[in-house]
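Residue numbers (this note's numbering): -7 to 202.
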């Protein structure tokens, strides 16, 4: 079936996520989906993702009406897998109504050799993850790697280092070093623990795309 179009609703908050890899903003319903966009955008395991990718109609037993369902995202992974994702508040994921529907969806997707996974706000909001992802997005650009950033990558080839040590190594202020590093994280060339507080002791590592 065709993709579902998101329109303004009195009960839905509309968010638009600007991706470095797409010409148009990605429109999603709700803050959780907005944060999920950040995670998929900067995950080193993801090569592409789209919101509201496809509307499915699954037949139901003892019913003339099919189960209509649109996943929140379709994610294409580096290992060539494609995974559909449903984003839900953790509290809703515990309800009997959702669990019954989820069981039906898991069965329907499995019968079609499709993968459907659930992500809750508890996972997306773990520690400082949401704030760090938004910070990475702030320093995202389409520009290439600078001379200073190339030096950072060279330093990290020898192993992970803290923000403070990297700043000393490239002889640049810590604040500017942080900006350079976050831009490299957005480029998926460098990583750091997203759930932890970002400070002088935060350890950054070079990403091996192997």
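Don't be surprised by glycine CBs; every beta carbon is placed ideally from N, CA and C.
No experiment lies behind these values; they were computed from the predicted model shown.
Task: Assigned exposure category for residue 71 - 16 Cβ within 10 Å defines buried - done: Per the 10 Å Cβ criterion, exposed.
Task: Contiguous alpha helix (DSSP H) assignments of at least 4 residues, all confined to the segment 131 to 183 - done: The DSSP assignment places complete alpha helix (DSSP H) segments of no fewer than 4 residues inside the segment 131 to 183 at 139 to 149, 155 to 162, 166 to 178, in order along the chain.
TODO: Compare the Cα-Cα distances from residue 191 to each of 112, 47, 168, 7 and report the closest residue.
DONE: The shortest C-alpha to C-alpha distance from residue 191 to any of 112, 47, 168, 7 is the one to 168.
TODO: Could you tell me how far apart the beta carbons of residue 176 and residue 153 are, in whole angstroms, since I believe they sit closer than 8 angstroms?
DONE: With 8 angstroms as the limit, residue 176 and residue 153 do not qualify as a contact, their Cβ atoms being about 13 angstroms apart.
- [ ] Select from 47, 68, 54, 110 the residue whose C-alpha is nearest the C-alpha of residue 61.
- [x] 47
Task: 8 angstroms Cβ cutoff met for residue 184 and residue 158 - done: No, Cβ-Cβ distance for residue 184 and residue 158 is not below 8 angstroms.
Task: Simplified DSSP assignment, three categories, for residue 40 - done: strand
Task: Exposure of residue 76, with buried meaning 16 or more beta-carbon neighbours within 10 Å - done: buried
TODO: Look at the alpha carbon of residue 138 and the alpha carbon of residue 40, and state the distance between them as a whole number of angstroms.
DONE: Answer to the nearest angstrom: the Cα atoms are 25 angstroms apart.
Task: residue 111 versus residue 27 - alpha carbon distance - done: 11 angstroms
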